[in-house]
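Okay, so here's the structure we're looking at.
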Amino acid sequence: MTSAAVKNTVRRPASQRHGFAARLARKPAAAVSAGYLLLVLLVTLLADWIAPYDPDAQDLTAALSGPSGHHWLGTGELGRDVLSRLMHGGQVTLLGVAITLAVYLTLGVPAGMVAGYRGGWFDRLVLKSADLISAVPVIIVLLVVLSVFTSNESAAMAANGLLGAPLLARVVRSATLGVKEELYVRAAVANGISDRVIIRRHVLPRVSGVILVQASVYGAYAVLLETGLGFLGLGTTQASWGSMIAEASKNVGTDPWLLVPSGFMIISFILALGLLSDGLRDTLAERYAPPADKPPSRRRAAREALAKAPKAVIPLAEPDKDALLSVRGLTVALPIDGTPTEVIRDVSFDLRAGEVLGIVGETGCGKTVTATSLLGMLPAGGEITAGTIHFEGSDLAKAESDALRRVRGRRIGWISQDPISSLDPSFTAGAQVAEAVRVHTGCTRKAARQRALELFELVRLPDPARVAASYPHQLSGGMAQRVGIAAALSGNPALVIADEPTTALDVTVQAEILDLLRDLQKTGTAVILITHDWGVLADLCDRAVVMYAGEVVEEAEVTALVTAPAHPYTAGLLSSDPHHAVPGEPLPAVEGAVPPPTQWPVGCHFQNRCPRVTDACREKPVVISQLTALERSARCIRPVELIGETAHD
Amino acid sequence: MTDQPAAGTALLNLRDLDVTYRRAGRRGAAVHAVRGVDLTVHRGETVGLVGESGSGKSSIGSAALGLVTVTGGRVEFDGADITRSSRADRRLLARRMQVVFQDPYGSMNPAHTVGDTLAEALRHNLGLPADQIQERVLRALDDVGLPPGAARRYPAAFSGGQRQRIAIARALVMEPDFIVCDEAVSALDLSVQAQVLNLLAQLKRTRGLSYLFISHDLSVVRYLSDTIVVLYAGRVVERGPAAQVADHPAHPYTRALLAAAPVPDPVAQRQRQTERRHALAAVPAAGRVSQGCAFAPRCPFAQETCWTTRPEPTDHDGVTVACHRYDQITAEAA
Chain Y
18 MTSAAVKNTV
28 RRPASQRHGF
38 AARLARKPAA
48 AVSAGYLLLV
58 LLVTLLADWI
68 APYDPDAQDL
78 TAALSGPSGH
88 HWLGTGELGR
98 DVLSRLMHGG
108 QVTLLGVAIT
118 LAVYLTLGVP
128 AGMVAGYRGG
138 WFDRLVLKSA
148 DLISAVPVII
158 VLLVVLSVFT
168 SNESAAMAAN
178 GLLGAPLLAR
188 VVRSATLGVK
198 EELYVRAAVA
208 NGISDRVIIR
218 RHVLPRVSGV
228 ILVQASVYGA
238 YAVLLETGLG
248 FLGLGTTQAS
258 WGSMIAEASK
268 NVGTDPWLLV
278 PSGFMIISFI
288 LALGLLSDGL
298 RDTLAERYAP
308 PADKPPSRRR
318 AAREALAKAP
328 KAVIPLAEPD
338 KDALLSVRGL
348 TVALPIDGTP
358 TEVIRDVSFD
368 LRAGEVLGIV
378 GETGCGKTVT
388 ATSLLGMLPA
398 GGEITAGTIH
408 FEGSDLAKAE
418 SDALRRVRGR
428 RIGWISQDPI
438 SSLDPSFTAG
448 AQVAEAVRVH
458 TGCTRKAARQ
468 RALELFELVR
478 LPDPARVAAS
488 YPHQLSGGMA
498 QRVGIAAALS
508 GNPALVIADE
518 PTTALDVTVQ
528 AEILDLLRDL
538 QKTGTAVILI
548 THDWGVLADL
558 CDRAVVMYAG
568 EVVEEAEVTA
578 LVTAPAHPYT
588 AGLLSSDPHH
598 AVPGEPLPAV
608 EGAVPPPTQW
618 PVGCHFQNRC
628 PRVTDACREK
638 PVVISQLTAL
648 ERSARCIRPV
658 ELIGETAHD
Chain D
9 MTDQPAAGTA
19 LLNLRDLDVT
29 YRRAGRRGAA
39 VHAVRGVDLT
49 VHRGETVGLV
59 GESGSGKSSI
69 GSAALGLVTV
79 TGGRVEFDGA
89 DITRSSRADR
99 RLLARRMQVV
109 FQDPYGSMNP
119 AHTVGDTLAE
129 ALRHNLGLPA
139 DQIQERVLRA
149 LDDVGLPPGA
159 ARRYPAAFSG
169 GQRQRIAIAR
179 ALVMEPDFIV
189 CDEAVSALDL
199 SVQAQVLNLL
209 AQLKRTRGLS
219 YLFISHDLSV
229 VRYLSDTIVV
239 LYAGRVVERG
249 PAAQVADHPA
259 HPYTRALLAA
269 APVPDPVAQR
279 QRQTERRHAL
289 AAVPAAGRVS
299 QGCAFAPRCP
309 FAQETCWTTR
319 PEPTDHDGVT
329 VACHRYDQIT
339 AEAA
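Top line first, the protein sequences correspond to chains Y and D.
Residue numbers in the first sequence follow my numbering, run continuously in steps of one, and reach 666 at the last position.
Residue numbers in the second sequence follow my numbering, run continuously in steps of one, and reach 342 at the last position.
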């Protein structure tokens with residue numbers, strides 16, 4: 018159906034298709050297991066040709082002897098060669114496993130996916146039969162089967178697969194339910210794609226990891242079951258791993274060695290099966306999510322690599338002694354694909370007591386990293402590599418974690434973007450805020466509860482007592498954010514950092530929260546407000562810093578900033594705000610996107626999107642400089658609206 | 009279905025639409041997401057659907073697309089009743105009616121290349137031959153301003169704005185005449201949002217597309233729409249020409265929505281702070297449930313009638329408003 022031409026553009030590229038085996042091979046345990054299982058399979062299949070003896074050839078003179086030159090793994094009770102029996106026995110055991118898995122998968126997977134995807138009566142049928150089957154003792158069913166089909170292990174193994182299938186279906190069903198809610202499945206439904214195609218293209222690949230793990234566990238169980246049947250003398254009379262265990266256990270007193278080869282075989286086989294399926298599942302999952310960030314154990318390596326990297330030396334200005342918070346030259350590196358990469362660079366600003374400072378910019382510009390680094394709450398592997406953070410007389414950039422913990426919550430409060438998930442769902446709102454009060458002030462439980470109610474009143478929650486007794490899921494977004502603000506105030510902080518506190522809220526609720534934050538400022542608490550919304554900034558902030566690609570590009574009083582932006586990025590971002598839009602005319606958009614930290618250009622970070630760019634902008638890093646006449650600083654050599662003012666060069 | 013449609017005729021027509029969700033597990037506990045909504049999208053028209061979370065705006069889009077079960081009323085598309093259309097009918101409808109979702113990260117299967125994602129409906133719905141699929145995919149990518157090489161890459165390689173362009177391209181490959189944009193620009197940053205809005209406006213002009221544009225942001229809706237429909241608690245409270253509704257709102261809720269949206273101007277914003285405090289009742293009267301207008305508990309103009317009788321939508325010079333106090337409020341404003 019697909020021609021070669023289409024394959025190249027529309028289909029997955031060749032390198033990606035081969036990528037699966039290559040990525041699996043990079044997992045040593047999985048690769049070794051795969052090789053071992055392949056070897057076992059090969060030897061078993063070729064047993065007729067490569068086995069040194071016939072599995073049933075008897076040599077009574079050499080019965081129950083240990084390993085020797087003639088019999089590498091020794092002999093059994095009738096002098097049969099253990100190695101040959103192991104090779105041939107694998108055929109019986111592995112055939113049993115294959116039968117079990119074939120029945121298990123062909124019944125369980127489709128049933129589970131259809132039940133999860135379609136729901137309805139079929140779903141209920143699958144769930145009920147899974148419940149029913151979990152109550153049936155497997156061994157009794159197998160005894161019945163074996164009494165009908167005497168010593169027919171294939172029948173027993175098929176019955177075993179049948180018994181497991183509803184349990185597999187239940188697991189696959191749950192996994193399918195999750196995939197069904199994915200937006201891309203909804204998009205496919207809206208596109209008129211049939212359920213059959215959706216299940217094949219979107220659901221099956223997503224749940225295959227779960228299926229693999231279940232299959233490997235059940236495969237291992239089948240090996241053990243085969244062994245058990247052999248041990249009970251119910252299984253086959255032919256050579257099999259199970260019957261060999263049975264034989265060895267009978268002679269364990271006279272020849273304990275006999276248990277070693279078959280025992281090792283079974284254990285190693287199960288182990289390899291488990292390791293391989295783990296590796297397969299991880300490799301499959303990587304297609305749906307990029308590998309997680311490197312664990313903190315790599316921090317030292319990251320730090321050393323960063324120390325070696327050449328960097329521009331930026332002379333730090335003195336902190337402002339009058340300011341509550343004075344940040345100078347703050348530079349932070351986070352591991353990106355294992356390499357420490359600067360994500361904010363040379364960030365400086367001051368905040369006076371009772372002032373509201375806005376940090377504005379788009380996603381990926383470093384607003385949140387700046388805020389989290391103030392509190393020492395950087396993600397794993399994150400490191401402040403340069404700069405100072407002076408707050409109430411100490412440098413938080415160099416503070417130990419104990420000292421930071423005393424500042425966090427007590428002197429600097431934090432309000433997060435997502436109010437409901439920032440609260441613990443298993444405690445009431447009142448209990449959580451009271452706990453925060455106790456941690457910060459060390460008062461009694463009773464006093465803490467009282468203080469929590471006072472805080473709820475302060476953030477103007479209607480009916481504080483009722484809210485205190487409510488769990489987070491019972492609160493609306495606006496109420497939850499008020500609880501979040503109350504918690505942030507529990508330590509009576511001098512500074513509150515609010516990270517997009519209203520982004521998740523409706524606009525009418527946002528207005529109420531903004532009013533609340535303004536009242537907070539009137540009581541003398543300083544606020545740092547992180548936002549991407551110029552309206553929110555204009556509503557609340559006195560001054561603002563604009564960040565772009567990890568750097569402060571402009572800092573000014575808010576009215577001056579929004580009426581006469583100096584940096585082309587500020588100007589571009591402001592003009593693309595739809596509030597200024599004229600219907601029917603194109604919006605003045607800034608073309609392109611914010612470059613990720615790994616792709617910051619030399620020179621001005623905004624150069625590739627800037628309408629005023631010159632060659633000088635690309636030559637060397639641009640320094641932030643005071644534009645006294647415009648009462649601001651800007652990181653630009655050709656600022657907008659610059660009249661008779663010289664920048665740094 | 010006619011081949012040469014006249015501009016201005018109704019394309020999507022919702023009549024007295026009800027959507028009710030049953031809460032999982034509990035029998036009988038039902039959530040009325042949409043109640044008695046009338047809405048028409050004409051050919052070549054963009055209808056903006058505004059409301060806060062829980063107002064039912066997304067449910068209306070999903071009902072049109074057949075993604076949720078309609079519990080009452082009718083959905084008509086180009087004159088045909090599609091309220092309970094079968095999957096086979098939906099397969100045909102998907103060729104004319106498409107969707108762009110809010111989340112540019114979740115709306116594409118991360119394990120499929122962009123080309124594969126765009127080709128899916130062409131291959132499995134239209135059953136086109138490979139060379140035509142190829143051609144349409146490349147043309148759609150070009151239409152949204154992405155290079156042909158994008159087809160070979162995976163969604164993870166693209167930024168949010170680029171992914172939303174891909175999502176638009178996926179809608180375009182089917183060459184539809186109607187697209188539901190469900191918060192299609194809400195997750196995007198300002199500069200990128202402007203790019204995508206421009207793209208949508210340009211596609212509307214060049215292809216004569218009609219949009220049902222769902223958003224919580226009145227300023228975005230105002231920019232793109234011809235008609236604005238304002239929803240509150242599952243009901244239409246105001247409907248009219250975009251400029252009229254967004255600049256001179258009549259319903260107290262639309263007024264509150266407009267007053268509460270902060271503008272990027274500190275001086276104007278100080279004035280608006282006072283206005284918005286008047287636009288919403290300070291604290292909703294706790295405990296009392298309104299049998300009439302759902303907005304009554306938050307409405308500064310609410311009177312006893314508002315609590316007891318549901319206001320019917322009435323026409324006032326081309327704007328439909330469902331408010332008992334329309335006359336007094338407009339008289340006060342004048």
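In this text, a Cβ means the ideal position worked out from N, Cα and C, and glycines have one as well.
Under the three-state DSSP convention, the category residue i falls into
i: Phe248(Y); result: helix
i: Glu183(D); result: coil
i: Leu533(Y); result: helix
i: Glu94(Y); result: coil
i: Arg425(Y); result: strand
i: Arg652(Y); result: coil
i: Cys634(Y); result: helix
i: Ala250(D); result: helix
i: His132(D); result: helix
i: Cys314(D); result: helix
i: Ile641(Y); result: coil
i: Gln106(D); result: strand
i: Ser199(D); result: helix
i: Pro357(Y); result: strand
i: Glu198(Y); result: coil
Spatial neighbours of residue i in its chain, beta-carbon cut-off 7 Å, leaving aside the 5 residues before and after
i: Ser390(Y); result: Leu347, Val349, Ile401
i: Gln538(Y); result: Gly371, Val373, Val544
i: Leu242(Y); result: Asn177
i: Pro327(Y); result: The predicted position of Pro327(Y) is uncertain, since its pLDDT is 46 and thus under 50; no value can be drawn from it.
Contacts around residue i, its chain only, beta-carbon distance under 6 Å, and the 5 residues preceding and following it disregarded
i: Thr587(Y); result: Val563, Glu571
i: Ala192(D); result: Val108
i: Thr10(D); result: Any reading at Thr10(D) must be qualified, since the residue scores a pLDDT of 40, below 50, and its modelled position is unreliable; no value is offered.
i: Val39(D); result: Tyr29
Cβ-based burial, residue i [other Cβ within 10 Å; buried from 16]
i: Gln491(Y); result: exposed
i: His286(D); result: exposed
i: Gly459(Y); result: exposed
i: Glu170(Y); result: buried
i: Val297(D); result: exposed
i: Gln170(D); result: buried
i: Gln140(D); result: exposed
i: Ala138(Y); result: Correcting the residue identity first, residue 138(Y) is Trp in this sequence and not Ala. Trp138(Y) is exposed by the Cβ-count criterion.
Contact check, residue i vs residue j, beta carbons under 9 Å
i: Thr615(Y); j: Ile353(Y); result: yes
i: His259(D); j: Gly59(D); result: no
i: Ile236(D); j: Arg243(D); result: no
i: Asp441(Y); j: Pro270(D); result: no
i: Leu103(Y); j: Leu90(Y); result: yes
i: Val49(D); j: Leu220(D); result: yes
i: Ala129(D); j: Leu149(D); result: no
i: Asp46(D); j: Gly80(D); result: no
i: Trp431(Y); j: Asp536(Y); result: no
i: Asp343(D); j: Ser70(D); result: No answer is possible for residue 343(D): the residues shown for chain D start at 9 and end at 342.
Residues near residue i by beta carbon distance below 8 Å, same chain, minus five either side
i: Ala334(Y); result: Arg345, Gly346, Ser365
So does the stretch 93 to 106 of chain D actually touch the stretch 132 to 151 of chain D, counting three or more Cβ pairs closer than 8 Å?
Short answer: they touch.
Does the stretch 295 to 302 of chain Y come within contact of the stretch 36 to 55 of chain Y, defined as at least 3 CB pairs closer than 8 Å?
Between the stretch 295 to 302 of chain Y and the stretch 36 to 55 of chain Y there are three or more C-beta pairs closer than 8 Å, enough to call the two in contact.
Touching by the beta-carbon criterion (3+ pairs, under 8 Å), the stretch 104 to 123 of chain Y and the stretch 58 to 65 of chain Y
Pairwise C-beta distances place the stretch 104 to 123 of chain Y in contact with the stretch 58 to 65 of chain Y, as three or more of them are shorter than 8 Å.
How do the stretch 442 to 449 of chain Y and the stretch 520 to 528 of chain Y stand: do at least 3 beta-carbon pairs fall below 8 Å, yes or no?
Cβ pair count under 8 Å is below three, so no.
With a threshold of 8 Å, are at least 3 pairs of Cβ atoms found where one atom belongs to the stretch 267 to 280 of chain Y and the other to the stretch 75 to 91 of chain Y?
Taking a cut-off of 8 Å for Cβ pairs, the stretch 267 to 280 of chain Y and the stretch 75 to 91 of chain Y touch, as three or more such pairs fall below it.
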